[in-house]
Amino acid sequence: MSEQNDFDSKLLARFEQEQPRVPADSFVAATMQKVRAEGRRREFMRVGWRVAGLAALVMASPWLIKGVERLNAALDSSFSLALGQAGSWILGALALLAALVMRARRR
Amino acid sequence: MESRLAAADLHKAADTLVIALACAGDDSAFAEVMRRRQARVRRFMYYLCRQWAMADDLAQHVFLNAWRSLKRLRSAAAFDGWLKRIMVNTWLEEVRRGKLVTVTDVELEDLAVHHDATAAGMDLDAALCTLPPDMRLCVVLAYNEGMAHPEIVAATGLPLGTVKSHISRGAARLRELLAGYGEES
Numbered sequence: 001m002s003e004q005n006d007f008d009s010k011l012l013a014r015f016e017q018e019q020p021r022v023p024a025d026s027f028v029a030a031t032m033q034k035v036r037a038e039g040r041r042r043e044f045m046r047v048g049w050r051v052a053g054l055a056a057l058v059m060a061s062p063w064l065i066k067g068v069e070r071l072n073a074a075l076d077s078s079f080s081l082a083l084g085q086a087g088s089w090i091l092g093a094l095a096l097l098a099a100l101v102m103r104a105r106r107r
Numbered sequence: 108m109e110s111r112l113a114a115a116d117l118h119k120a121a122d123t124l125v126i127a128l129a130c131a132g133d134d135s136a137f138a139e140v141m142r143r144r145q146a147r148v149r150r151f152m153y154y155l156c157r158q159w160a161m162a163d164d165l166a167q168h169v170f171l172n173a174w175r176s177l178k179r180l181r182s183a184a185a186f187d188g189w190l191k192r193i194m195v196n197t198w199l200e201e202v203r204r205g206k207l208v209t210v211t212d213v214e215l216e217d218l219a220v221h222h223d224a225t226a227a228g229m230d231l232d233a234a235l236c237t238l239p240p241d242m243r244l245c246v247v248l249a250y251n252e253g254m255a256h257p258e259i260v261a262a263t264g265l266p267l268g269t270v271k272s273h274i275s276r277g278a279a280r281l282r283e284l285l286a287g288y289g290e291e292s
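Residue numbers (our numbering), protein chains in the order written: chain A, 1 to 107; chain B, 108 to 292.
Below you can see the structure in the form of structure tokens.
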């Protein structure tokens, strides 16, 4: 202990001499039982969450499939627009604008 | 997880190795760490609450909390300081729950009578019991755990002035209650 704390040396000696006797019992075994029970509970929860996640995925699959179909349709229409003549002009103009902005920033 | 070392080897293994194995999820290594530290943790809690049943419950909480957050421990060398913080936090949570009792002077006289009949050395526990929980904690951390003021500040979150005042007032109170203890030792 640091001297600068200026603790009472007699009291310190008393603490050192009068350490309460720890009862000799199965503390470690009892605590390890709790630790193992907690481990099993955690594992159960982990598996439970996975199963719940999987079940939620299965339950939501009709909506997910519909959503993917809509997204696919939206992407199809946007690609066909971009690949058309008007889309090419717009994309070209955007690319040019981006290049000019980047060049201006570098300066 | 199965232990990578046999039980006999675990008993002999260096502290840092056992702690590192426990951090890696080895339950037998954790049990060995607990076996080596349990007396200190239980004694610390006993000084604070003065009932072995409650002290053991709190010590179990300490080890369970340690086991839960063991993977977050960065180095085996930091284990003891980290465990001390868990001990303090467990005690502070218990204090916040408000189940603790501070012994009054009248009750202390009864305790003294009881302890004189069993063991004179237990007067210190009885005297500690009369201090308010925060003061008791600071005194035990200083005198039993050998922690310096800044360490106590870091562990308890109390301001330095409060820690110093708790320790000096707590020691004065103990001195008063244990009048003559210096002559015995």
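Built from N, CA and C at the ideal position, the CB exists for glycine as well.
This one's a predicted model, so the numbers in the text were calculated from it and none came from an experiment.
Check	Outcome
Under three-state DSSP, which class holds A:R41?	helix
Measuring straight from C-alpha to C-alpha, what distance separates B:D232 and A:M45?	42 angstroms
Given 8 angstroms as the limit, is there contact between the region 145 to 161 of chain B and the region 13 to 31 of chain A, that is, 3 or more CB pairs closer than that?	yes
Using a Cβ cut-off of 8 angstroms, pull out every chain A residue sitting near B:L231, in sequence order please.	R14, F15 and E18
So which residues of chain A does B:Q158 contact, with C-beta pairs closer than 7 angstroms?	Ordered by position in chain A, no residue passes the 7 angstroms Cβ test against B:Q158, which lies about 11 angstroms from the chain.
Going along chain A, which residues have a C-beta under 8 angstroms from B:L171?	T31, K34, V35 and E38
Which residue's Cα is closest to the Cα of B:S182: B:Q167, B:M161 and B:A131?	B:A131
Can you have a look at B:I126 and say buried or exposed, based on whether 16 or more other CB atoms are within 10 angstroms of its CB?	buried
On the DSSP letters alone, give me the boundaries of the alpha helix (DSSP H) that B:V125 sits inside.	D122 to C130
Give a yes or no on whether the minimum CB-CB distance between A:L96 and chain B is below 8 angstroms.	no
Please state the DSSP three-state secondary structure of A:K69.	Note on identity: in this sequence residue 69 of chain A is Glu, with Lys being the wrong assignment. Helix, per DSSP.
Is the CB of B:D133 under 8 angstroms away from at least one CB in chain A?	no
Considering only their Cβ atoms, is the gap separating B:L267 from B:H256 smaller than 8 angstroms?	yes
Applying a beta-carbon distance threshold of less than 9 angstroms, which residues of chain A neighbour B:F151?	Result: empty, since nearest Cβ-Cβ is about 10 angstroms, beyond 9 angstroms.
Mind pulling the chain A residues with CB within less than 8 angstroms of B:R179?	Neighbours of B:R179 on chain A: none; closest Cβ ~15 angstroms, over 8 angstroms.
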